Amino acid sequence: MSDYDVIVIGAGIGGLCAGALLAHQGRKVLVLEQAPRVGGCCSTYEWNGYKIDIGASIIEFPQVINWAFERMGTTFQKEVDLIAVDPTFTARLHDGTEITFPIDLDKTKEEIRKLAPEDVRGWEKYSQEMDGFLKAALDGFFVTPARSLWDVCKLFAKTPTLLKYGSLFFGSYEGVLRKYLKNEKLLEALSFHSFYCGLPPALLPGHFSMIPYAEHGGIYYARGGMIGIPLGFQKCGERRGMEVRLNAAVEKVIVENRTARAVKLSDGTVISAKIIVSNINSKKLYTEMIDQSNISRLARAGYKSYRYSMATPMIYLCLDYAPPLKDHHTLMTVPMQKMNDYWFDHYEKGEFPAEQFGILSWTTRSDPSLAPPGHHIIAVTLAPGPYRLKGTTWDNEKETIMQNVIRFLESRYLPGLRDHIVHADFSTPVDFEKRLLSPEGAIYALRQDLTNAMMFRPSAKSKQIRGLYLVGASTHPGGGVPTVTASGMIAADLIGKYES
3 MSDYDVIVIG AGIGGLCAGA LLAHQGRKVL VLEQAPRVGG CCSTYEWNGY KIDIGASIIE
63 FPQVINWAFE RMGTTFQKEV DLIAVDPTFT ARLHDGTEIT FPIDLDKTKE EIRKLAPEDV
123 RGWEKYSQEM DGFLKAALDG FFVTPARSLW DVCKLFAKTP TLLKYGSLFF GSYEGVLRKY
183 LKNEKLLEAL SFHSFYCGLP PALLPGHFSM IPYAEHGGIY YARGGMIGIP LGFQKCGERR
243 GMEVRLNAAV EKVIVENRTA RAVKLSDGTV ISAKIIVSNI NSKKLYTEMI DQSNISRLAR
303 AGYKSYRYSM ATPMIYLCLD YAPPLKDHHT LMTVPMQKMN DYWFDHYEKG EFPAEQFGIL
363 SWTTRSDPSL APPGHHIIAV TLAPGPYRLK GTTWDNEKET IMQNVIRFLE SRYLPGLRDH
423 IVHADFSTPV DFEKRLLSPE GAIYALRQDL TNAMMFRPSA KSKQIRGLYL VGASTHPGGG
483 VPTVTASGMI AADLIGKYES
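Sequential numbering of the sequence shown, starting at 3, is according to my numbering.
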């Protein structure tokens, strides 16, 4: 007899969402987390009275997350104290020009009129196109399995409106934006959103071009830090008996006759279950944590061929003053072509840029309670950082790079910054790998190009191992807070269907 009905490996949002939903199905669920806190990339740690977000800094597509809570008889708003963020962001361009994007689309249109009057009509057409696509995608794409070509065909049959937008899936993010917008400054302001999905504008599939528009549907921050979202799922699961065990790293999934039977922890403890749900990187799962005799030779080659997503170095700044910024998010941008060039000419060759681009997340702008009175926190998301630096290592260069970035921020965005830093912490790709056990620090698990999307991503219901299911960024629909939430719903639905 098994110790549990379900063991979930990893207390990220996907794992906690699936675990909570399965507990509400009446199953005995244990969630095992290697870290001292839940949340994975969507978590918060404390330092001397400062609450610092590890990765995620806003919530997009809140309706998707709400669907999961509604399945448990509650709502997102009841379980997590949400703060509305408006405007969506201000972009400070490489030449010092600023443009702000309010939630209200009419107000955004007026901001665009100031910067690029020739693109107002193009923005209207873009908004109309993305509104239609987004409604179709929310109706069918997010919580529908995509395990095979047949599943994808059923997805489009279920939501035939998606066929109207088929060209988006085969174009690029850059190509879609350039179809509607011509002003290079406006394109620069919208270019960094491609890295929200882990690739430069020239490589990211075109359907992700809906992200800048989608933010106008509302973005939010969790009061007390982004860990509030996984804690909300944890509370819902615990009400139905779900257990969460921290500092419990899973070393191996025990498989017998191609059926998942148990997990082995790093301390040697073996815990059995009828079903195993993995919220860890699927390439790592299949290539390192399961005896390879249980996986076909062709499948082994397939799993090894997956490329990890980009890593994102981050600097966390605790400050004794209010920084000279306006909004929760300030985007530090460079021209779109320069962003593409960085990827091909530097990132792919192991080089990290001197001129940075990324996000200044001023979390205390939305929630002052995160820091002592009068103090503030900025989480600086930097340009994608190659896991292997050419000719050196992150550990060797860590302090030098951090000081260079601080000087860059001081000269371009935050005058006098150095005099107001109470604490600075730099998390490199190597640090993320150690902290989150995320291979190569990959924040979206696997690349999110077309060859790694939908049916080409590892299946939510394992095709190799019976009783093994996947959630999180390395299965459909990919990385991001709402999408990993959707993966939890997909897995719970499949388990409800196939595991009586």
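For glycine and all other residues, C-beta sits at the position ideal for the given N, C-alpha and C. Values in this document were obtained by computation on a predicted structure and should not be read as measured data.
Problem - CA nearest to the CA of P326, picked from E412, E48, V483 and I492 - result: Translated into the one-based positions of the sequence shown, residue 326 becomes position 324. The option with the nearest alpha carbon to P326 is E412.
Handout entry: Those runs of the alpha helix (DSSP H) which lie wholly inside the segment 265-318 and span at least 4 residues
Key = 284-290 and 299-307
Exercise for the section: Can you have a look at P207 and say buried or exposed, based on whether 16 or more other CB atoms are within 10 angstroms of its CB? Expected result: Taking the sequence shown and counting its residues from 1, the one referred to as residue 207 is at position 205. Label assigned to P207: buried.
Problem - Which listed residue (A262, A455 and R180) has its alpha carbon closest to that of F144 - result: For the purposes of this step, residue 144 is identified with residue 142 of the sequence shown, where counting begins at 1. Out of A262, A455 and R180, A455 has the C-alpha closest to the C-alpha of F144.
Exercise for the section: Note down the Cα distance separating V82 from I229, rounded to an integer number of angstroms. Expected result: Residue mapping note: residue 82 aligns to position 80 of the sequence shown, counting from 1. Residue mapping note: residue 229 aligns to position 227 of the sequence shown, counting from 1. The alpha-carbon atoms of V82 and I229 are separated by roughly 10 Å.
Handout entry: T332 vs F91 beta-carbon contact at 8 Å
Key = Within the sequence shown, the letter at position 330 stands for residue 332. Within the sequence shown, the letter at position 89 stands for residue 91. Yes, they are a contact pair.
Problem - Within 8 Å, strictly: CB atoms of A9 and V246 - result: In the sequence shown, the residue the question calls residue 9 occupies position 7. In the sequence shown, the residue the question calls residue 246 occupies position 244. Reading off the sequence, residue 9 comes out as Ile, not Ala. No. Outside cutoff.
Handout entry: Spatial neighbours of F135 in its chain, beta-carbon cut-off 6 Å, leaving aside the 5 residues before and after
Key = Along the sequence shown, one-based indexing puts residue 135 at 133. Y167 and M212, listed in sequence order.
Problem - Cβ-based burial, C44 [other Cβ within 10 Å; buried from 16] - result: To locate residue 44, count along the sequence shown from 1; it is residue 42. The residue is buried, with at least 16 neighbouring Cβ atoms inside 10 Å.
Handout entry: Distance between beta carbons of D7 and A275, contact taken as under 8 Å
Key = Counting from one through the sequence shown, the residue named residue 275 turns up at place 273. Counting from one through the sequence shown, the residue named residue 7 turns up at place 5. With a Cβ gap of about 7 Å, A275 and D7 count as contacting.
Practice task
Since I believe Y222 is in contact with I379 (beta carbons under 8 Å), could you give me their beta-carbon distance rounded to a whole number of angstroms?
Solution key: Position 377 of the sequence shown, counting from 1, holds the residue named residue 379. Position 220 of the sequence shown, counting from 1, holds the residue named residue 222. That belief does not hold up - the Cβ atoms of I379 and Y222 are roughly 18 Å apart, past 8 Å.
Problem - For G490 and D421, the rounded distance between their alpha carbons - result: What you label residue 421 is simply residue 419 of the sequence shown in a count that begins at 1. What you label residue 490 is simply residue 488 of the sequence shown in a count that begins at 1. Roughly 45 Å separates the two Cα atoms.
Exercise for the section: Flag this pair as touching only if the segment 116-124 and the segment 460-472 have three or more C-beta atom pairs under 8 Å; answer yes or no. Expected result: no
Problem - One or two residues paired with Y52 in a DSSP bridge - result: For the purposes of this step, residue 52 is identified with residue 50 of the sequence shown, where counting begins at 1. Paired residues: W49.
Problem - Every unbroken beta strand (DSSP E) inside the segment 68-132 [3 residues or more] - result: 84-87, 91-94 and 100-103
Handout entry: Touching by the beta-carbon criterion (3+ pairs, under 8 Å), the segment 49-67 and the segment 303-321
Key = yes
Exercise for the section: Return helix, strand or coil for I467, following the three-state DSSP convention. Expected result: As a first step, residue 467 must be located in the sequence shown, where it is residue number 465. If DSSP states are grouped into helix, strand and coil, I467 belongs with coil.
Exercise for the section: Give every residue of the same chain whose Cβ lies closer than 6 Å to the Cβ of D141, excluding the five residues on either side of it in the sequence, and list them in chain order. Expected result: What you label residue 141 is simply residue 139 of the sequence shown in a count that begins at 1. Around D141: T161.
Exercise for the section: Less than 8 Å between the CB atoms is what I'm expecting for A385 and Y344, so what's the real figure, rounded? Expected result: Position 383 of the sequence shown holds residue 385. Position 342 of the sequence shown holds residue 344. Right, their Cβ atoms sit about 7 Å apart.
Handout entry: Start-to-end residues for the beta strand (DSSP E) that takes in M334
Key = Sequence index remark: in the sequence shown, residue 334 carries index 332 (1-based). That run of the beta strand (DSSP E) goes H331 to M334.
Exercise for the section: Taking only heavy atoms of the ligand COA into account, decide whether any of them is closer than 7 Å to the Cβ of T46. Expected result: The ligand content of the structure shown is nil, which means the ligand COA is not present either.
Practice task
In the DSSP assignment, find the alpha helix (DSSP H) that holds T402 and state where it starts and stops.
Solution key: Numbered from 1 along the sequence shown, position 400 holds the residue referred to as residue 402. Where T402 is concerned, the enclosing alpha helix (DSSP H) stretches over W396 to R414.
Handout entry: Contacting residues, own chain, Cβ-Cβ under 6 Å from S261 (five flanking each side not counted)
Key = Within the sequence shown, the letter at position 259 stands for residue 261. The sequence shown places Thr at residue 261, rather than the Ser named in the question. Taken in chain order, the residues that qualify are R468 and G469.
Handout entry: Selected residue, minimal CA-CA separation from D427, among I408, L107, I445 and L416
Key = Locating residue 427 in the sequence shown gives position 425, where the first residue counts as 1. The residue with the shortest Cα to Cα distance from D427 is I408.
Problem - Where A20 sits in the DSSP three-state scheme - result: Position 18 of the sequence shown holds residue 20. Note: A20 maps to helix in three-state DSSP.
Exercise for the section: Counting only the same chain and skipping the five closest in sequence on each side, list residues whose C-beta sits under 6 Å from that of H26. Expected result: Residue 26 sits at position 24 when you count from the first residue of the sequence shown. If we look at H26 and ignore the five residues flanking it on each side, its Cβ neighbours are M74 and R242.
Handout entry: DSSP state of T208 mapped onto helix, strand, coil
Key = The sequence position of residue 208 within the sequence shown is 206, counting from 1. The amino acid at residue 208 is misidentified as Thr; the sequence shows Gly. Three-state DSSP puts G208 in a helix.
Exercise for the section: Taking F428 as part of the alpha helix (DSSP H), name the residues at either end of that continuous run. Expected result: Position 426 of the sequence shown, counted from the start, is the residue given in the question as residue 428. It is not in any alpha helix (DSSP H) - F428 instead sits in the beta strand (DSSP E) that spans I423 to S429.
Practice task
Starting from the C-beta of K254, find all residues in its chain whose C-beta is less than 6 Å away, skip the five residues before and the five after it, and write them out in chain order.
Solution key: Along the sequence shown, read from residue 1 onward, the residue named residue 254 stands at position 252. Closer than 6 Å at Cβ, skipping near neighbours: K266 and M291.
Exercise for the section: Give me the Cβ distance between G239 and V31, rounded to the nearest whole Å; I'm assuming they're in contact under 8 Å. Expected result: If you number the sequence shown from 1, residue 239 lands on position 237. If you number the sequence shown from 1, residue 31 lands on position 29. Right, their Cβ atoms sit about 7 Å apart.
Practice task
Report buried or exposed for L151, applying the criterion of at least 16 other Cβ atoms within 10 angstroms of its Cβ.
Solution key: By one-based count along the sequence shown, residue 151 stands at place 149. Counting Cβ neighbours within 10 Å, L151 comes out exposed, since fewer than 16 surround it.
Practice task
Confirm, please, whether the CB-CB distance from S129 to S363 is below 8 Å.
Solution key: By one-based count along the sequence shown, residue 363 stands at place 361. By one-based count along the sequence shown, residue 129 stands at place 127. Contact flag unset, no.
Practice task
Would you check if the distance between the CB atom of V486 and the CB atom of V473 is smaller than 8 Å?
Solution key: Within the sequence shown, the letter at position 484 stands for residue 486. Within the sequence shown, the letter at position 471 stands for residue 473. Cβ atoms of V486 and V473: closer than 8 Å.
Problem - Euclidean distance between Cα positions of I297 and F458 - result: Taking the first residue of the sequence shown as position 1, residue 297 is located at position 295. Taking the first residue of the sequence shown as position 1, residue 458 is located at position 456. About 17 Å.
Practice task
Mind the definition here: the segment 437-453 touches the segment 337-354 only if three or more C-beta pairs lie below 8 Å; say whether that holds.
Solution key: no
Problem - W49 classed as buried or exposed, judged by whether at least 16 other C-beta atoms fall within 10 angstroms - result: Within the sequence shown, residue 49 is the residue found at index 47, counting from 1. Burial call: exposed.
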